[in-house]
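Residue numbers (this note's numbering): 59 to 207.
First the structure, in the form of structure tokens, and then the observations on it.
Structure below.
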């Protein structure tokens, strides 16, 4: 399942930067002098690779495909796709962002973090039974200490 679109990655990073990174990956056929893939295809492939990696982490927790993609997965797909596009020229920030996303996805896979979806990927239902804790008041309040305080 694809968690982000080309428009999403353009919105998160500048269109110029993404296109420049994609242009670095364009191969030109020697015989026809035509590019083997367009920049948009390269960007889309990076998003698909990122989405496949995300699926690998979350497939054990929820049923795929997801009906409504949480915003955090859109961000994760964009960060991983950007890192895939940056390949050999990834900045320290891109590397750190990728590592943060991978740690986040590992926590989702371990069940430490929830995506806000149930196992069958529908929205979690609102809980109507809420525990309410009340107290009889403070034992050591001034008005109850009877001269002790």
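Backbone N, C-alpha and C fix where the C-beta goes; we use that ideal spot for every residue, glycine too.
Would you kindly work out how many angstroms separate the C-alpha atoms of residue 183 and residue 140, rounded to a whole number? Taking the first residue of the chain shown as position 1, residue 183 is located at position 125. Taking the first residue of the chain shown as position 1, residue 140 is located at position 82. Confidence is the limiting factor: at residue 183 the pLDDT is only 44, short of 50, which leaves the residue's position unreliable and the question unanswerable from this model.
Between 196, 193, 191, 60, which lies nearest to residue 125 when the distance is taken from Cα to Cα? Reading the chain shown from its first residue, position 67 is the one you call residue 125. Comparing Cα-Cα distances from residue 125 to each of 196, 193, 191, 60, the minimum goes to 60.
My output table needs one value for residue 64: the three-state DSSP class, helix, strand or coil. Here residue 64 refers to the residue found at position 6 when the chain shown is read from its first residue. Residue state, collapsed to three classes: helix.
What residue range does the alpha helix (DSSP H) around residue 102 cover? What you label residue 102 is simply residue 44 of the chain shown in a count that begins at 1. Element bounds for residue 102: 97-116.
| request: Assign residue 105 to one of two classes, buried (16 or more other C-beta atoms within 10 Å of its C-beta) or exposed (fewer than that). | output: Taking the first residue of the chain shown as position 1, residue 105 is located at position 47. Label assigned to residue 105: buried.
TODO: Can you check the stretch 147-181 for any alpha helix (DSSP H) of at least 4 residues that lies completely inside it and give the ranges in chain order?
DONE: 150-168
Next item on the list: Please confirm whether any heavy atom of the ligand ZN lies closer than 7 Å to the CB of residue 165.
Entry: Ligands displayed in this structure: none; no statement on the ligand ZN is therefore possible.
### Spatial distance of residue 157 from residue 151 (CA atoms)
The count along the chain shown starts at 1 and reaches residue 157 at position 99. The count along the chain shown starts at 1 and reaches residue 151 at position 93. So the two alpha carbons sit approximately 10 Å from each other.
- Residues near residue 98 by beta carbon distance below 7 Å, same chain, minus five either side: Mapped onto the chain shown, residue 98 falls at position 40. Excluding residues within five positions, the ones whose Cβ falls inside 7 Å are 64.
Taking only three categories from DSSP, how would you classify residue 127?
The count along the chain shown starts at 1 and reaches residue 127 at position 69. Residue 127 falls in the coil class under three-state DSSP.
**Asked** CB-CB under 8 Å to residue 93, same chain, minus the five flanking residues each way: which ones, in chain order?
**Response** Along the chain shown, one-based indexing puts residue 93 at 35. Here residue 93 has 84, 85, 86, 87 as same chain residues with Cβ atoms under 8 Å from its own Cβ, once five neighbours each way along the sequence are excluded.
Near residue 72, which residues of its chain fall below 7 Å by C-beta distance, leaving aside the five closest residues on each side in sequence?
Locating residue 72 in the chain shown gives position 14, counting from the first residue. Cβ neighbours of residue 72 beyond the five flanking positions: none.
query = Quick one, which of 69, 144, 193, 116 has its alpha-carbon nearest residue 78's?
reply = Taking the chain shown and counting its residues from 1, one reaches residue 78 at position 20. Comparing Cα-Cα distances from residue 78 to each of 69, 144, 193, 116, the minimum goes to 144.
Quiz item: Can you check whether the CB of residue 120 is closer than 8 Å to the CB of residue 173?
Solution: By 1-based counting over the chain shown, the position of residue 173 is 115. By 1-based counting over the chain shown, the position of residue 120 is 62. Yes, these two residues count as a Cβ contact at 8 Å.
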